[in-house]
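Engineer: Residue numbers for the sequence shown follow this note's numbering, beginning at 1216 and rising by one.
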Amino acid sequence: MSALQLGLMGFPLGHSYSPLLHRAALNTMGIEGEYRLYPVPPLPEGRQAWQTIFTRLRAGSLHGLNVTIPHKQAVMAEVDVCEDEARIIGAVNTLGRDTHDRLWGANTDAPGFLRDLYAQLGNALPACGGRALVLGAGGAARAVVFALIQANWEVWVCARRGEQAQFLRDALRASLPSAALDALEGIPPLGGLPPRLNLLVNATPLGMSPYAEAMPWDASLPLPEGTAVYDLVYNPRQTRLMTFARSCGAPAAGGLGMLVEQAALALERWTGQTAPRSAMWQALEELPPAEDSARDKPMEEG
Ligand code: NAP
């Protein structure tokens, strides 16, 4: 087989970790291949680059593609086979071609989140489902809420715009009518917190560099006892919300593990082999401090 041609399409992509993660993994797997960045501006401006990429995918000269902001929804119109999870979530972050030359679309954010959640915080969480409050109701929140519902969690999703949270709830309930899912307005919710929370998830960009001082929680409001915190933000690695949670005695995890896991799951889809997660983590650890801080800029990835 010719060298595997993989990449990431989105905009902007300047400081993406994806090439680093995938190249480290391919190297360890002994697979000859490349992982390139394909910056495609929002449509209609990016139309020509978009068409070039999809022509290559269909022709098989590009073997697999990750997709990030702002194209995760729009690429769904291009795929021949959209997996159920991606269809319900309403976003595709991984594309490939099957043996019948059909373009398939999948979402690895949802399983990536769930795996990393239990890997990092499993000891502090109920074994099969609990009660979660998800802050934010954008694309990432939708994958997170879907994943939690599939794992038997009761979920409250809240957004500063109540109608956005309601839209997410209604969209997921249309496909998962028995989901225990409710929508609240305000961050934190204006009407007060749901009782006996086990998990708080930040799915807003608050706390992301260069706005690392921001926190999606009112620091004068103590975290409910017994609540673990998962912050999807991974830059900086230790967010202000995580520091606050730990100061309250709560276990907390950041989103870097989800980023590694969604990349590993995509690579497994393309190669049919187990991705070497430890080599991917190692590549992140080996980033020179200067380069790591150069990445302390807003990243439109994930
Ligand atoms: P998105 O679609 O733009 O949604 C962001 C959500 O946060 C929206 O509900 C938005 O509300 C809300 N929000 C934004 N600024 C806010 C503020 N100042 N106060 C209150 N709410 C605010 O973004 P996304 O794709 O869901 O990504 C969200 C975060 O998750 C980003 O930091 C992203 O890097 C991270 N992420 C991480 C991974 C990972 O692998 N770790 C994967 C995906 C995403 P409005 O619509 O009202 O602005």
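Just so it is clear, CB atoms sit at the ideal spot from N, CA and C, and this is done for glycine as well.
Report the option in Pro1451, Gly1441, Leu1348 whose CA atom is closest to the CA atom of Glu1400.
Structural biologist: That would be Leu1348, whose Cα lies nearest to the Cα of Glu1400.
Engineer: Report the option in Ala1240, Ala1301, Ala1465 whose CA atom is closest to the CA atom of Val1359.
Structural biologist: Here the closest residue by C-alpha is Ala1301.
Engineer: Excluding sequence positions up to five away, which residues of its chain have a Cβ less than 8 Å from the Cβ of Ala1366?
Structural biologist: Taken in chain order, the residues that qualify are Leu1329, Cys1343, Gly1344.
Engineer: Please determine, among Ala1468, Gln1288, Gln1477, the residue with the shortest C-alpha to C-alpha distance to Asp1324.
Structural biologist: Per the Cα distances, Gln1477.
Engineer: Spatial neighbours of Arg1492 within its chain, please: CB distance less than 7 Å, with the 5 preceding and 5 following residues excluded, ordered by chain position.
Structural biologist: Result list for Arg1492: Val1475, Ala1479, in chain order.
Engineer: Report the partner residues of Gly1183 according to the DSSP bridge assignment.
Structural biologist: In the structure displayed, the chain extends from 1216 to 1517; residue 1183 sits before or after that span and is not available.
Engineer: Who's in the neighbourhood of the ligand NAP, going by beta-carbon under 6 Å from any heavy atom, listed in chain order?
Structural biologist: Checking every Cβ against the heavy atoms of the ligand NAP under 6 Å gives Ile1284, Asp1324, Gly1351, Ala1352, Gly1353, Gly1354, Ala1355, Ala1356, Ala1374, Arg1375, Arg1376, Gln1379, Ile1402, Ala1418, Thr1419, Pro1420, Leu1421, Met1423, Leu1447, Val1448, Tyr1449, Gly1470, Met1473, Leu1474, Gln1477, Gly1517.
Engineer: Distance, Cα to Cα, Arg1384 vs Tyr1445?
Structural biologist: Answer to the nearest angstrom: the Cα atoms are 20 Å apart.
Engineer: What distance in whole Å lies between the Cβ atoms of Asn1417 and Leu1471, which are believed to be in contact at a cut-off of 8 Å?
Structural biologist: Contact doesn't hold; Cβ gap of about 14 Å is too wide.
Engineer: Would you check if the distance between the CB atom of Leu1236 and the CB atom of Met1495 is smaller than 7 Å?
Structural biologist: Result yes, Cβ atoms of Leu1236 and Met1495 sit closer than 7 Å.
Engineer: In terms of residue numbering, what span does the beta strand (DSSP E) encompassing Gln1220 cover?
Structural biologist: Segment 1219 to 1225, the beta strand (DSSP E) holding Gln1220.
Engineer: Is the CB-CB distance between Val1294 and Gly1311 below 7 Å?
Structural biologist: No. Outside cutoff.
Engineer: Is it right to say Met1514 is buried, meaning 16 or more other beta carbons lie within 10 angstroms of its own, or is it exposed?
Structural biologist: Its pLDDT being 40, under 50, Met1514 is placed unreliably in this model, and the value from its coordinates should be taken loosely. Buried.
Engineer: For Leu1228, does the count of other Cβ atoms within 10 angstroms reach 16, so buried, or fall short, so exposed?
Structural biologist: Buried, since its Cβ has 16 or more Cβ neighbours within 10 Å.
Engineer: For Gly1407, which of Gly1354, Leu1436, Arg1273 has the nearest alpha-carbon?
Structural biologist: Ranking the options by Cα distance to Gly1407, first place goes to Leu1436.
Engineer: Within a Cβ cutoff of 7 Å, which residues of the same chain sit near Ala1465, ignoring the five residues on either side of it in sequence?
Structural biologist: Only Leu1438, Thr1442, Ala1443, Val1444 meet the Cβ criterion.
Engineer: Pick out the complete beta strand (DSSP E) segments inside the stretch 1439 to 1471, 3 residues or longer, and give them in chain order.
Structural biologist: Complete beta strand (DSSP E) runs here, min 3: 1443 to 1446.
Engineer: Does Tyr1253 pass the burial test, meaning 16 or more other C-beta atoms within 10 Å, or should it be called exposed?
Structural biologist: Counting Cβ neighbours within 10 Å, Tyr1253 comes out buried, since at least 16 surround it.
Engineer: Select from Glu1378, Gly1377, Ala1306 the residue whose C-alpha is nearest the C-alpha of Gly1354.
Structural biologist: Selected option, being the one with the closest Cα: Ala1306.
Engineer: Are the CB atoms of Ala1352 and Ala1380 within a distance shorter than 7 Å?
Structural biologist: Yes, the Cβ-Cβ distance between Ala1380 and Ala1352 is below 7 Å.
Engineer: Report buried or exposed for Tyr1232, applying the criterion of at least 16 other Cβ atoms within 10 angstroms of its Cβ.
Structural biologist: The residue in question, Tyr1232, is buried, as its Cβ has 16 or more Cβ neighbours within 10 Å.
Engineer: What residue does the alpha helix (DSSP H) around Leu1396 start on, and which one ends it?
Structural biologist: No alpha helix (DSSP H) contains Leu1396, which is instead part of the beta strand (DSSP E) from 1396 to 1400.
Engineer: Just the C-alpha distance for Leu1223 and Gln1453, rounded to the nearest angstrom, thanks.
Structural biologist: Going from the Cα of Leu1223 to the Cα of Gln1453 covers about 25 Å.
Engineer: Please go through the stretch 1334 to 1417 and give each complete alpha helix (DSSP H) segment of 4 or more residues, from N-terminal end onward.
Structural biologist: Listed in chain order, the complete alpha helix (DSSP H) runs (minimum 4 residues) inside the stretch 1334 to 1417 are 1354 to 1365, 1377 to 1390.
Engineer: Just the C-alpha distance for Glu1249 and Asp1313, rounded to the nearest angstrom, thanks.
Structural biologist: Going by the C-alpha atoms only, they are around 20 Å apart.
Engineer: Thinking C-beta only, is Ala1240 closer than 7 Å to Ala1490?
Structural biologist: Taking 7 Å as the Cβ cut-off, Ala1490 and Ala1240 qualify as a contacting pair.
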